[in-house]
Amino acid sequence: MADMARLGSGIPLVARRVELRTLHEALRRARAGQSGGLLLSGDAGVGKSRLLTELLTIARDEGAAVVTGRCLDTAEASLPYLPFAEAVRQLAEHDPELIIGHPALRRLLPEHHPRAAAGADDHEMGQLQLFDALHSALGHFAAKQPTVLAIEDLHWADRSSRDLLAFLLSRLSGQRLLVVGTFRSDDLHRRHPLRPLLAELVRLPAVERLHLEPFSPADAHRFVRSLAEQTLPEDVVRDIAERSEGNAFVAEELISASTSDVPHELAQVLLARVERLSPATQHAVRLASVVGRRFSHQVLSAAAEAPAEELEPALREAVAHNVLVAEDSAEAYAFRHALLREAVYTDLLPGERSRLHRQVANALAGDESPGAAAGLAHHSMESHDLAGALAASVRAAREA
10 MADMARLGSG IPLVARRVEL RTLHEALRRA RAGQSGGLLL SGDAGVGKSR LLTELLTIAR
70 DEGAAVVTGR CLDTAEASLP YLPFAEAVRQ LAEHDPELII GHPALRRLLP EHHPRAAAGA
130 DDHEMGQLQL FDALHSALGH FAAKQPTVLA IEDLHWADRS SRDLLAFLLS RLSGQRLLVV
190 GTFRSDDLHR RHPLRPLLAE LVRLPAVERL HLEPFSPADA HRFVRSLAEQ TLPEDVVRDI
250 AERSEGNAFV AEELISASTS DVPHELAQVL LARVERLSPA TQHAVRLASV VGRRFSHQVL
310 SAAAEAPAEE LEPALREAVA HNVLVAEDSA EAYAFRHALL REAVYTDLLP GERSRLHRQV
370 ANALAGDESP GAAAGLAHHS MESHDLAGAL AASVRAAREA
């Protein structure tokens, strides 16, 4: 998913008391010499960065040093050790002698380490020296002052950064050090390289995982009200809280928007997830957006004019990438978020939208189940089949 604005310290912290208590307890243990690692996960926009900001503020207020790094979505390009290079640069600013005492860290700082050709053996030895140097440097630094190392957006971490993180977390012992990593759980498709690493890390005794759920309806209402203060009437606050489905970023964007449509920036963030899918899956998702938030495999297959088994790979990919979710009921699916479906539907060209509505109407034409006539009337109207819409409306009225 494309990058999104961060929920900074100016955003109210709502309904995260339990999670903040867990983070604060991990910080307390680290200050007492029980080093630990904490992996903070949650959907994009759910409030991970806001919660982390609160923890880092508390850490500074309690006298701990804070160093941070952030992974970037560089697509095919690779920036080895980027988040750790950022952190080491901050450590060096705190203590310039650190690089002198741990010369292998110069590999992370281009201004201190001119590039030179090296063989595979030299590379492996240099990597081990680097890992040991950072582990030792953090230990020395934490001996002087409790330290929090925070690495954000691990779902974008390159292999070298993942390896270094695993090395550090596997060797936590007796330092006044807390290592915190955040990642988007909804970005972790089945083959995501972070998945196997997480499975290893959570088995380590010093590492715990904390998952942020979306706000409950009541907490979403509190969040929107606290963010909007008195500028929005109560009915608008309720509508935004409901549409956000507990996602803090979505709520903030909806508050900023002047219309009931999906805000442009939010739509681009949502559509970026769909654009990562294969062309066939994108087509299936666009057709599904016409059917509605929830739909059956049977109706989608009929509308796609393709055998059900041909549609299965597309649905599997969409589910794996958290665009769709498989529901408990037999062969039923839904868009993960109502606004995602709305963004995809709004992105359709007028002619494409009319054509897809016609395909759905054709799929529903022979459906005698309750409620099918109302759906047929809607899709017929949207495909400009006025006669079909009228006939289906009459039938729906009789069924009502």
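Per the working numbering, the very first residue in the sequence shown carries number 10; after that it's consecutive. Every residue, glycine too, gets a C-beta built ideally from N, C-alpha and C. Since the model is a prediction, treat every value here as computed from it, not as a measurement.
Item to complete: For my contact list, A159 and G45 are in at a C-beta cut-off of 8 Å; report their separation, rounded to the angstrom.
Response: In fact, because the Cβ distance is near 13 Å, the residues do not count as touching under 8 Å.
Discussion item. Runs of 4 residues minimum, wholly inside the segment 323-388: which ones carry the alpha helix (DSSP H) assignment?
Written reply: 347-355, 359-373
Worksheet entry | beta strand (DSSP E) segment containing H220, residue limits | 216-221
Practice prompt. Below 8 Å on the Cβ atoms is my guess for H366 versus S402; work out the distance and round it to an integer in Å.
Written response: Not confirmed; about 15 Å, so no contact.
Worksheet item: Which one or two residues does DSSP pair with V278 in a beta bridge?
Response: In DSSP, V278 forms no bridge with anything.
Worksheet entry | S253, DSSP secondary structure in three states | helix
Worksheet item: In terms of alpha-carbon separation, which member of R231, A327, G255 lies closest to L197?
Response: A327
Worksheet entry | Three-state secondary structure (DSSP) of F224 | coil
Discussion item. Only counting the same chain, and skipping five residues up and downstream in sequence, which positions put a Cβ closer than 8 Å to that of L296?
Written reply: L309, A312, A313, L365, Q368, V369
Fill in: Whole-angstrom C-beta distance between S253 and V246, which should lie under 8 Å
About 11 Å separates the two Cβ atoms, so there is no contact after all.
Worksheet item: Considering T191, what are the terminal residues of the beta strand (DSSP E) in which it resides?
Response: 186-193
Worksheet item: Looking at C-beta atoms only, is the number of pairs between the segment 217-231 and the segment 23-30 that lie closer than 8 Å three or more?
Response: yes
Fill in: CA-to-CA distance, G54 to Y282, given in whole angstroms
What sits at residue 282 in the sequence shown is Arg, not Tyr. One C-alpha to the other measures close to 14 Å.
Item to complete: Please classify P223: is it buried, with 16 or more other beta-carbons within 10 angstroms of its beta-carbon, or exposed?
Response: buried
Worksheet item: How far does the beta strand (DSSP E) with S305 in it reach, from first residue to last?
Response: 303-305
Fill in: Inter-residue Cα distance where the pair is L32 and S58
13 Å
Worksheet item: Considering only the beta carbon of each residue, do D195 and N331 sit closer than 8 Å?
Response: yes
Discussion item. Between the alpha carbons of A405 and L275, how many angstroms are there, rounded?
Written reply: 36 Å
Item to complete: Put R25 into one of helix, strand or coil per three-state DSSP.
Response: coil
Worksheet item: Is the CB-CB distance between Y342 and F304 below 8 Å?
Response: yes
Item to complete: Say yes only if the C-beta of Y342 is nearer than 7 Å to one or more non-hydrogen atoms of the ligand MN, and no if none qualify.
Response: Ligands in the displayed structure: none, and consequently the ligand MN is not present.
Worksheet entry | Euclidean distance between Cα positions of S287 and L280 | 13 Å
Practice prompt. From the DSSP output, in three-state form, read off S44 for me.
Written response: coil
Discussion item. Could you compute how far the alpha carbon of L236 sits from the alpha carbon of E261?
Written reply: 8 Å
Worksheet entry | Buried or exposed by the 16-neighbour rule on C-beta atoms within 10 Å, applied to P272 | buried
Discussion item. Under DSSP, the beta strand (DSSP E) around A159 begins and ends at which residues?
Written reply: 156-161
Worksheet entry | Reduced DSSP category for T77 - H, G, I as helix; E, B as strand; rest coil | strand
Worksheet item: When the Cα atoms are used, what is the spatial distance from P69 to S225?
Response: Sequence inspection shows Arg at residue 69; the Pro mentioned does not correspond to that position. Going by the C-alpha atoms only, they are around 30 Å apart.
Item to complete: For L88, count neighbouring Cβ atoms within 10 angstroms of its own Cβ and tell me buried if that reaches 16, exposed if not.
Response: exposed
Worksheet item: Grouping DSSP H, G and I as helix and E and B as strand, with all else coil, what is L32?
Response: helix
Fill in: Counted within 10 angstroms of its Cβ, other Cβ atoms place D244 as buried (16 or more) or exposed
exposed
Fill in: For A129, three-class secondary structure by DSSP
Note that A129 scores a pLDDT of 44, beneath 50, so its modelled location is shaky and nothing firm can be said.
Practice prompt. Taking G375 as the reference, give the member of F140, Q291, D356, G397 with the closest Cα.
Written response: G397
Discussion item. Less than 8 Å between the beta carbons of T156 and A94, yes or no?
Written reply: no
Worksheet item: What does a CB cutoff of less than 6 Å around A381 pick up in its chain, not counting 5 residues either side in sequence?
Response: L373
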